[in-house]
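One structure is given below, encoded as structure tokens.
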Amino acid sequence: MRSPDDAVEWAQGQWRRNWKAWLAAGDSHIKAWPLHPPTETQLAADPDSVAHWVASWRRFSVPGLDVEWVERRWIAFGRQVVPLRIVATPAAIAELAGQTSHWRRAVSAAARLQDEWPAIDLASALRASATGLAEMDEAETDRLVSVLDWLATHPDSGLWERELPVQGIDSKWWERNRSLVEPLVKAITGDRARAGRLRRGDVSFLVRLLDHSLAPGPGEFSVGVTGMQQLDLRPRAVLICENRTSVETAPPLAGVVAIHGGGVAVTRLAGVEWLAAAPLLYWGDLDSHGFRILGRLRQVLPQVRSVLMDVGTLRDHAHLTVTEPRPFHGEIGYLTAAELEALAVLRRGDLRLEQERIGRDHVRASLAEALSSASVRQCQ
1257 MRSPDDAVEW AQGQWRRNWK AWLAAGDSHI KAWPLHPPTE TQLAADPDSV AHWVASWRRF
1317 SVPGLDVEWV ERRWIAFGRQ VVPLRIVATP AAIAELAGQT SHWRRAVSAA ARLQDEWPAI
1377 DLASALRASA TGLAEMDEAE TDRLVSVLDW LATHPDSGLW ERELPVQGID SKWWERNRSL
1437 VEPLVKAITG DRARAGRLRR GDVSFLVRLL DHSLAPGPGE FSVGVTGMQQ LDLRPRAVLI
1497 CENRTSVETA PPLAGVVAIH GGGVAVTRLA GVEWLAAAPL LYWGDLDSHG FRILGRLRQV
1557 LPQVRSVLMD VGTLRDHAHL TVTEPRPFHG EIGYLTAAEL EALAVLRRGD LRLEQERIGR
1617 DHVRASLAEA LSSASVRQCQ
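Start counting the sequence shown at 1257; every next residue gets the next number (my numbering).
See below:
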């Protein structure tokens, strides 16, 4: 017999796996889930538990979710009506999973885009852009529509991102929303090469060789993605850090290159062939945005493994945590179970542990352990 609490767990799993597809399909999916009602033998063995279970489903009420009942005819108990299954809409599943506001924002933004471009099949683009759409309020959606309209109208502008003449848009907006805009522009402009795409400058990354035998010359330098692609490096592993200080203070490690990821710009590193072929460690702040960056990085570099971003590290340094000023409460994809556990602990108090607050001896030991174990491999 499945309980309402079991239904919540089921809904959370359904949400994680399917919500982007539901958004792309226009909220048309209906999901059924069997409740495994008791047999006559089970009822005879524990009638009180069965009665309590039936009552719990009579009380259960979620908009968009129906509990379907069935009549059983039993020799000892006569006619009994028991719940057979639940049938739920995506909105109902979102509510059960605690994602109502997330779902409503995504649906509202998707509907607005489909109203603006009704003749275009946006399904694939909506799925690719779903995470970003779920973060957008009405004002942000207005800005997104303005950007897409301008890019569709000027597909070959040749402008740089900072030159875009759309009110309310700056370079930080682009950094946050580039991965959201690009699939939508591609769909709207008909998938023409570079149509509607703006030029962007090369971001510089601080690179520090934690083993000077890896390459001759300076052991620390700044380089853009293009320059990084030309480096002749074959490291044992690459350590990507969210903050610059952590790169500058990283201990010597045989065969390791440390790189300052620079926040959301870190995803550009996926275009560096030697880096993409190496085992990757990511070390970011223990806060919602640190995990958000990790999720985005793993989306493009699936082998990346986090270090010093676990519950144990958080608990060992709880006295050094502060309140995160602007926490991100939306869904973060591509995290492991252990990372999701740490994120859940952080979100209970909107906590933040900056990576620089962790003592250097602890950092040295943790990095050495991560590099010496078999765990530097593709994330499972």
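We put the beta carbon where it would ideally sit given N, CA and C, even for glycine. Keep in mind it's a predicted model, so treat the numbers as computed, not measured.
Going by C-alpha to C-alpha distance, which of the options sits closest to residue i?
{"i": "A1348", "options": "V1560, Q1486, R1582 and S1317", "result": "S1317"}
{"i": "R1360", "options": "Q1336, G1282 and Y1538", "result": "G1282"}
{"i": "D1214", "options": "L1591, R1613, S1622 and F1547", "result": "The first residue shown for the chain is 1257 and the last is 1636, placing residue 1214 beyond what the model contains."}
{"i": "V1528", "options": "Q1336, I1515 and A1307", "result": "I1515"}
{"i": "S1460", "options": "G1424, W1275, V1437 and G1518", "result": "G1518"}
{"i": "V1560", "options": "V1619, T1523 and S1544", "result": "T1523"}
{"i": "R1329", "options": "L1299, M1484 and E1265", "result": "L1299"}
{"i": "P1439", "options": "L1487, A1386 and T1482", "result": "A1386"}
{"i": "D1541", "options": "A1381, E1498 and L1623", "result": "E1498"}
{"i": "V1494", "options": "D1467, V1601 and R1604", "result": "D1467"}
{"i": "W1266", "options": "R1383, L1352, T1409 and P1472", "result": "L1352"}
{"i": "P1294", "options": "W1278, V1326, A1277 and A1280", "result": "V1326"}
{"i": "G1446", "options": "L1623, V1323, A1381 and Q1485", "result": "A1381"}
{"i": "H1585", "options": "H1358, R1368 and D1371", "result": "H1358"}
{"i": "V1422", "options": "V1401, L1609, I1444 and D1617", "result": "V1401"}
{"i": "R1258", "options": "W1289, N1274 and L1487", "result": "W1289"}
{"i": "S1562", "options": "A1626, A1395 and P1411", "result": "A1626"}
{"i": "V1403", "options": "S1427, A1390 and R1383", "result": "S1427"}
{"i": "V1520", "options": "E1394, V1310, S1284 and W1430", "result": "W1430"}
{"i": "H1292", "options": "L1279, A1280, A1594 and V1306", "result": "V1306"}
{"i": "D1566", "options": "E1394, R1490, R1608 and T1397", "result": "R1608"}
{"i": "E1372", "options": "I1444, D1302, G1480 and N1274", "result": "I1444"}
{"i": "R1455", "options": "N1433, A1471 and E1419", "result": "E1419"}
{"i": "T1356", "options": "R1490, G1320, A1332 and V1310", "result": "G1320"}
{"i": "R1335", "options": "A1311, E1296 and W1271", "result": "E1296"}
{"i": "G1354", "options": "A1526, W1271, A1390 and L1525", "result": "W1271"}
{"i": "D1488", "options": "G1480, A1301 and A1471", "result": "A1471"}
{"i": "W1278", "options": "A1311, R1582 and A1366", "result": "A1366"}
{"i": "Q1370", "options": "D1405, W1275, A1350 and P1411", "result": "D1405"}
{"i": "V1637", "options": "A1350, V1264, V1323 and T1579", "result": "No information on residue 1637 is available, as it lies outside the stretch 1257 to 1636 that the chain covers here."}
{"i": "R1273", "options": "D1302, E1394, A1350 and R1571", "result": "A1350"}
According to DSSP, what are the bridge partners of residue i?
{"i": "R1464", "result": "E1476 and A1514"}
{"i": "I1342", "result": "W1289 and V1323"}
{"i": "A1493", "result": "V1512"}
{"i": "W1330", "result": "G1334"}
{"i": "L1607", "result": "T1579"}
{"i": "R1637", "result": "Outside the displayed range of the chain (1257 to 1636) lies residue 1637, so it cannot be described from this structure."}
Taking residue i and residue j to be in contact with their CB atoms under 8 Å, please state how far apart those CB atoms are, rounded to whole angstroms.
{"i": "S1502", "j": "Q1611", "result": "5 Å"}
{"i": "W1313", "j": "P1346", "result": "Contact flag wrong, Cβ pair sits at about 21 Å."}
{"i": "G1388", "j": "L1436", "result": "3 Å"}
{"i": "I1286", "j": "V1343", "result": "6 Å"}
{"i": "S1544", "j": "L1596", "result": "That pair is no contact at about 12 Å."}
{"i": "R1201", "j": "T1505", "result": "It is not possible to answer for residue 1201, since the shown part of the chain is limited to 1257 through 1636."}
{"i": "L1564", "j": "S1629", "result": "Not a contact, Cβ separation roughly 14 Å."}
{"i": "R1383", "j": "I1425", "result": "Contact doesn't hold; Cβ gap of about 24 Å is too wide."}
{"i": "L1462", "j": "V1441", "result": "About 31 Å; that fails the 8 Å criterion."}
{"i": "T1569", "j": "I1614", "result": "7 Å"}
{"i": "R1368", "j": "T1397", "result": "5 Å"}
{"i": "D1530", "j": "R1490", "result": "Inspection of the sequence shows that residue 1530 is occupied by Trp rather than by Asp. At roughly 6 Å, the Cβ-Cβ gap stays under 8 Å, so W1530 and R1490 are in contact."}
{"i": "L1557", "j": "A1593", "result": "The Cβ separation is near 19 Å, so there is no contact."}
Is any beta-carbon of chain B found at less than 9 Å from that of residue i?
{"i": "S1435", "result": "In the displayed structure, chain B is absent; only one protein chain is listed."}
Checklist line | the region 1369–1382 touching the region 1413–1432, judged by at least three CB pairs closer than 8 Å | finding: With a cut-off of 8 Å, the region 1413–1432 and the region 1369–1382 do not count as touching, because too few Cβ pairs lie within range.
Margin query: Please give the ranges of any alpha helix (DSSP H) in the region 1289–1315, keeping only runs that are unbroken, at least 4 residues long and fully inside the region.
Written below: Correct list: 1296–1301 and 1303–1315.
Margin query: So within the region 1521–1601, which uninterrupted beta strand (DSSP E) runs reach at least 3 residues, ignoring any that extend past its ends?
Written below: Whole beta strand (DSSP E) segments, 3+ residues: 1536–1539.
Margin query: Within 8 Å, do at least three Cβ pairs link the region 1550–1569 to the region 1585–1592?
Written below: A contact exists between the region 1585–1592 and the region 1550–1569.
Notebook entry, point to check: So, do the region 1566–1582 and the region 1507–1523 have three or more beta carbon pairs nearer to each other than 8 Å?
Noted result: These segments do not touch.
Next item on the list: May I have a chain-ordered list of the alpha helix (DSSP H) segments no shorter than 4 residues that lie completely inside the region 1336–1416?
Entry: Inside the region 1336–1416, DSSP marks whole alpha helix (DSSP H) runs of 4 or more residues at positions 1346–1352, 1356–1372, 1379–1389 and 1394–1409, from first to last along the chain.
Notebook entry, point to check: Is the region 1476–1484 in contact with the region 1532–1539, if contact means three or more CB pairs nearer than 8 Å?
Noted result: No, because fewer than three Cβ pairs between the region 1476–1484 and the region 1532–1539 fall closer than 8 Å, the two stretches do not touch.
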